[in-house]
Amino acid sequence: MRYYPICIDTLNKKILVVGGGNASYLKLKDLAKTDAHIDVVSEKFLKEVDELNNINRNIILIRENIENFEISDDYHMVFICTDNHELNMEICKYFKDKKSLVMVADSREKSDFITSAILHKDNITVSVNTQGKSPTAAKLILNETGKILNEEFTEKISLLCEIREQLKMKNNEGLNIGNIKSTMDSLICKNNSDLKIFLNDIEDSVRQEN
Numbered sequence: 001m002r003y004y005p006i007c008i009d010t011l012n013k014k015i016l017v018v019g020g021g022n023a024s025y026l027k028l029k030d031l032a033k034t035d036a037h038i039d040v041v042s043e044k045f046l047k048e049v050d051e052l053n054n055i056n057r058n059i060i061l062i063r064e065n066i067e068n069f070e071i072s073d074d075y076h077m078v079f080i081c082t083d084n085h086e087l088n089m090e091i092c093k094y095f096k097d098k099k100s101l102v103m104v105a106d107s108r109e110k111s112d113f114i115t116s117a118i119l120h121k122d123n124i125t126v127s128v129n130t131q132g133k134s135p136t137a138a139k140l141i142l143n144e145t146g147k148i149l150n151e152e153f154t155e156k157i158s159l160l161c162e163i164r165e166q167l168k169m170k171n172n173e174g175l176n177i178g179n180i181k182s183t184m185d186s187l188i189c190k191n192n193s194d195l196k197i198f199l200n201d202i203e204d205s206v207r208q209e210n
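With UniProt numbering, letter number 201 in the sequence shown gets 201, and the count goes up by one each step, no holes.
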């Protein structure tokens, strides 16, 4: 497996997106949901990019030719999305020399990472990629996954998350991580009504201890 899937903490991270066209917009749609500070450099932008900027204060549009842009060296991640391949390669080399993580929209081989199709609902984030070979196939898989994430299922996930947090609070009983994992595994097949009863019992127990 060449590409290892991870989740990156975007809080207080600086991200640069080079280009204002469709490739840039497709990346920005998901980046706009993060906590990162995002600079986007281009002489012109799609209307959709402008609209994202209007509703997201973390996105800063810089209307300037990238070749004239005074580039900062402190970007954690760089998305290079222009339609000029030679320029993309120049920008890629510059930021790789600065040890930034670089993604080039028209060169998977030169990229340090690839992005996934993402579905986010409540406490659940599902990401799918096909090693960059077929974004359309990744979206198809996500669409099928989305059918599973109905209201009942997402409620179950929320209940399981809350139960785990409550179990962690019971450390004064000597309940270790192994016990928590074992308990959580036993709850997976329970229905939501049973999970609510279990959660209420734990909350009552925690309140009594406090």
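Glycine included, each C-beta is placed from N, C-alpha and C at the ideal position.
Residue i versus residue j: straight-line alpha-carbon distance, rounded
i	j	result
Val49	Arg164	40 angstroms
Thr34	Leu142	20 angstroms
Lys85	Asp106	Note on residue identity: the sequence assigns His, not Lys, to residue 85. Cα to Cα, the separation comes out at about 7 angstroms.
Ser72	Asp185	48 angstroms
Ala116	Glu144	For clarity, residue 116 is Ser in the given sequence; the question names Ala instead. Their backbone Cα atoms lie some 16 angstroms apart in a straight line.
Lys110	Val104	7 angstroms
Lys170	Ile148	32 angstroms
Val17	Glu64	13 angstroms
Leu140	Lys47	27 angstroms
Ile66	Glu43	8 angstroms
Asn68	Val41	10 angstroms
Close Cβ partners of residue i (< 6 angstroms) along its chain, the five nearest in sequence each way excluded
i	result
Val102	Val78, Cys92, Phe95, Lys96 and Asp112
Asn56	Ala32
Lys156	Asn192
Ile202	Gln166
Lys13	Ala36 and His76
Start and end residues, alpha helix (DSSP H) containing residue i
i	result
Ser107	Careful: Ser107 lies outside any alpha helix (DSSP H) and carries neither H nor E.
Ile141	Pro135 to Ile148
Ile157	Glu151 to Met169
Residue i, buried or exposed, once every other Cβ within 10 Å from all chains shown has been counted against 16
i	result
Asp39	buried
Asn88	buried
Cys189	exposed
Gly146	exposed
Leu52	buried
Lys27	buried
Leu11	exposed
Ser100	buried
Ile197	exposed
Other residues of its chain near residue i: CB distance less than 8 angstroms, five sequence neighbours each side excluded
i	result
Cys7	Thr125
Leu199	Leu159, Glu162, Ile163 and Gln166
Leu195	Lys156, Leu159, Leu160, Ile163 and Leu187
Span of the beta strand (DSSP E) around residue i
i	result
Thr125	Ile124 to Val128
Lys13	Per DSSP, Lys13 belongs to no beta strand (DSSP E) and is neither H nor E.
Ile6	Run containing Ile6: none; DSSP gives neither H nor E here.
Contact with chain B by residue i, beta-carbon distance below 8 angstroms
i	result
Glu162	Looking for chain B here will not work: only one protein chain is present.
Residues near residue i in its chain [Cβ-Cβ closer than 7 angstroms; skip 5 each side]
i	result
Phe45	Gly20 and Leu61
Problem - Whole beta strand (DSSP E) elements within the stretch 20-92, 3-residue minimum - result: 37-42, 59-63 and 77-80
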